[in-house]
Amino acid sequence: MAYTVPKLTDYSAAALDRASAELLAALEQDVRKLLFDSGKRSSSHEAAWKLRWEEWKSFRDKWISRKSGVLTQINDVWLKGSPKEAKRPAGQLVNDLRKRVEEEVARAEASLTRSEEEDQRASPGQSFASMDDALRTLEGVDITLPGARRPIGAEHPVMRTMHEIVGVFQRLGYSVAEGPVVETDYYNFEALNFPPDHPARDTQDTLFIAGQQSKPQRERLLLRTHTSPVQIRTMEKMRPPLRIVIPGTVHRNDPPDASHSPMFHQIEGLAVDTNITFGDLKGTLDHAMKALFGSSVKTHFRPSFFPFTEPSAEVFVSCFLCGGSGKRGADPCRPCKQSGWIEVLGCGMVDPNVFEFVKDNGYDPKKVSGFAFGMGVDRLALLKYGVDDLQYFFQGDVRFLQQFG
Ligand code: PHE
243 MAYTVPKLTD YSAAALDRAS AELLAALEQD VRKLLFDSGK RSSSHEAAWK
293 LRWEEWKSFR DKWISRKSGV LTQINDVWLK GSPKEAKRPA GQLVNDLRKR
343 VEEEVARAEA SLTRSEEEDQ RASPGQSFAS MDDALRTLEG VDITLPGARR
393 PIGAEHPVMR TMHEIVGVFQ RLGYSVAEGP VVETDYYNFE ALNFPPDHPA
443 RDTQDTLFIA GQQSKPQRER LLLRTHTSPV QIRTMEKMRP PLRIVIPGTV
493 HRNDPPDASH SPMFHQIEGL AVDTNITFGD LKGTLDHAMK ALFGSSVKTH
543 FRPSFFPFTE PSAEVFVSCF LCGGSGKRGA DPCRPCKQSG WIEVLGCGMV
593 DPNVFEFVKD NGYDPKKVSG FAFGMGVDRL ALLKYGVDDL QYFFQGDVRF
643 LQQFG
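Written as structure tokens, this is what we have:
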């Protein structure tokens with residue numbers, strides 16, 4: 243933009259205002275052009291960067307160069323060339339304009355440098371800012387400050403217990419199987435020998451998916467109440483012999499309290515082969531309990547009932563907290579309710595009726611037999627870590643979880 247400092251003959255307030263307005267309008271136009279043109283180019287290109295630098299230099303020289311910049315010119319032409327009586331208003335005007343022009347030039351530089359930095363972030367390369375500028379930026383940074391601490395995570399106590407139990411069985415040659423948490427009535431109940439309306443269904447207060455009344459009962463979806471449906475799913479896919487453990491989450495309609503949660507974890511076990519006996523079941527579980535709780539614990543089997551095992555049993559281990567005495571010092575042992583025994587799992591020999599559902603895949607109840615067991619992982623984790631409220635496991639409070647880090 244061609245702007246030349248005009249000679250002044252009229253030093254009236256109105257004439258000075260007009261001259262000032264003209265100068266500022268020219269300045270504003272130059273600034274806009276400078277920022278607009280440089281914004282159109284990517285600074286990562288060296289030629290563009292050079293051009294930007296040239297434009298900046300000529301803009302700066304035009305306005306504030308000591309030798310011939312507009313500021314020097316107005317000082318020479320408007321102030322020095324003014325008649326005596328106009329010195330005061332002319333001096334005032336030149337001073338005001340000097341401040342304005344210097345401010346505008348500084349602002350333009352700042353905004354050019356800023357866009358330069360943005361470009362640098364996108365594509366490191368040539369820098370408009372000089373080395374000095376870079377060092378000045380670093381001056382605000384204390385490189386001796388420690389870095390941001392990133393706490394290392396730890397395995398959740400329930401998962402740790404789960405992995406430990408699964409590990410014990412893997413070392414016995416078991417493989418790991420998994421199944422869906424949203425299950426059909428067929429796998430969760432019917433194929434496990436819970437016929438529709440069988441009272442044993444009442445022992446597992448179930449969460450059903452809503453709005454399925456039009457479906458046949460066996461297709462209705464629910465949140466699995468135990469990991470046992472994966473017994474059937476696995477036997478449908480794999481022929482005997484079979485040795486699997488099934489870890490997973492299960493759900494029941496139990497309000498949360500210190501020992502209940504609507505979501506919890508189980509580990510299921512299933513072994514099927516020819517000539518599997520109750521003795522194999524006892525030996526396997528006795529070994530597993532000793533591996534988990536220490537070689538001095540004793541196991542104890544009590545008759546029980548599950549629709550999918552016959553005979554069925556509940557397994558107790560001698561209390562590893564009080565050593566089976568029911569007392570801790572002078573105090574009663576609470577976890578075993580002073581009985582000296584802690585119930586840890588349910589088990590039994592696979593009911594022939596269950597094999598009937600997968601007979602076609604090699605599970606003829608006349609030829610194969612097997613045992614199954616299922617345990618609640620959360621309860622075992624509570625006992626193992628001496629935690630007195632199950633809810634701590636699921637609240638995600640870092641102060642609780644940190645203790646396991
Ligand atoms: N599924 C049973 C329950 O959740 C436990 C179990 C598993 C019992 C396998 C026997 C055999 O109560």
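Add 242 to a position in the sequence shown, counting from 1, and you land on the number used in this note's numbering. Where is the CB? At the ideal position from N, CA and C, for every residue including glycine.
Query                                                                                                                                          : Result
Mapping DSSP to helix, strand and coil, what is Leu208?                                                                                        : A question about residue 208 goes unanswered here, because the residues of the chain that appear run from 243 up to 647.
Hey, out of Asp593, Gly628, Lys601, Phe548, whose CA is closest to Cys578's CA?                                                                : Gly628
Near Glu425, which residues of its chain fall below 8 Å by C-beta distance, leaving aside the five closest residues on each side in sequence?  : Leu463, Leu464, Leu465, Arg466, Pro471
So, is Glu510 buried or exposed, given that buried needs 16 or more other C-beta atoms within 10 angstroms?                                    : buried
Compare the Cα-Cα distances from Phe550 to each of Val586, Leu512, Ala623, Lys479 and report the closest residue.                              : Leu512
What residue range is occupied by the uninterrupted alpha helix (DSSP H) comprising Ala328?                                                    : Counting along the chain, Ala328 falls outside any alpha helix (DSSP H), and DSSP gives it neither H nor E.
Could you give the DSSP three-state label for Asp447: helix, strand or coil?                                                                   : coil
According to DSSP, is Ala623 part of a helix, a strand, or is it coil?                                                                         : helix
Under the criterion of a Cβ to heavy atom distance below 7 Å, does Ser554 qualify as lining the ligand PHE?                                    : yes
According to the neighbour-count rule (16 or more other Cβ atoms, all chains shown, within 10 Å of its Cβ), is Leu313 buried or exposed?       : buried
Taking only the alpha-carbon atoms, compute the straight-line gap between Leu258 and Asp252 and give it to the nearest angstrom.               : 8 Å
Return the CA-CA distance between Val640 and Lys275, expressed in angstroms with no decimal places.                                            : 56 Å
Do the region 441–455 and the region 489–501 meet, that is, are 3 or more Cβ pairs less than 8 Å apart?                                        : yes
Please classify Met218: does DSSP put it in a helix, a strand, or coil?                                                                        : Since the first residue of the chain shown is 243 and the last is 647, residue 218 is not available in this structure.
Report the three-state DSSP secondary structure of Phe301 (helix, strand or coil).                                                             : helix
With a threshold of 7 Å, establish whether the CB of Phe562 neighbours any heavy atom of the ligand NAD.                                       : The ligand NAD is not among the ligands present in this structure, which contains only the ligand PHE.
Do the region 531–547 and the region 557–571 meet, that is, are 3 or more Cβ pairs less than 8 Å apart?                                        : yes
Should Leu269 and Val343 be called a contact, given that it needs their Cβ atoms to be closer than 8 Å?                                        : yes
Between Gly616 and the ligand PHE, is there a pair consisting of the residue's CB and a ligand heavy atom that are separated by less than 7 Å? : yes
Can at least three beta-carbon pairs, one atom from the region 288–298 and one from the region 328–345, be found at a separation below 8 Å?    : no
Of the residues Ile451, Phe431, Phe450, which one's Cα is nearest the Cα of Ala442?                                                            : Phe431
One question on the structure: do Tyr605 and Val514 come within less than 8 Å of each other, judged by their Cβ atoms?                         : yes
Report yes or no: do three or more beta-carbon pairs, one from the region 564–582 and one from the region 610–619, lie closer than 8 Å?        : no
Out of curiosity, what's the CA-to-CA distance linking Ala419 and Met617?                                                                      : 15 Å
Could you check whether the Cβ of Glu510 sits closer than 7 Å to any heavy atom belonging to the ligand PHE?                                   : yes
Looking only at C-alpha atoms, which of Lys322, Glu346, Ala261 sits nearest to Trp298?                                                         : Glu346
Cβ-heavy atom distance between Thr551 and the ligand PHE below 7 Å?                                                                            : yes
Give a yes or no on whether 8 Å exceeds the smallest Cβ distance from Met505 to chain B.                                                       : Reference to chain B is not applicable here, since this structure consists of a single protein chain.
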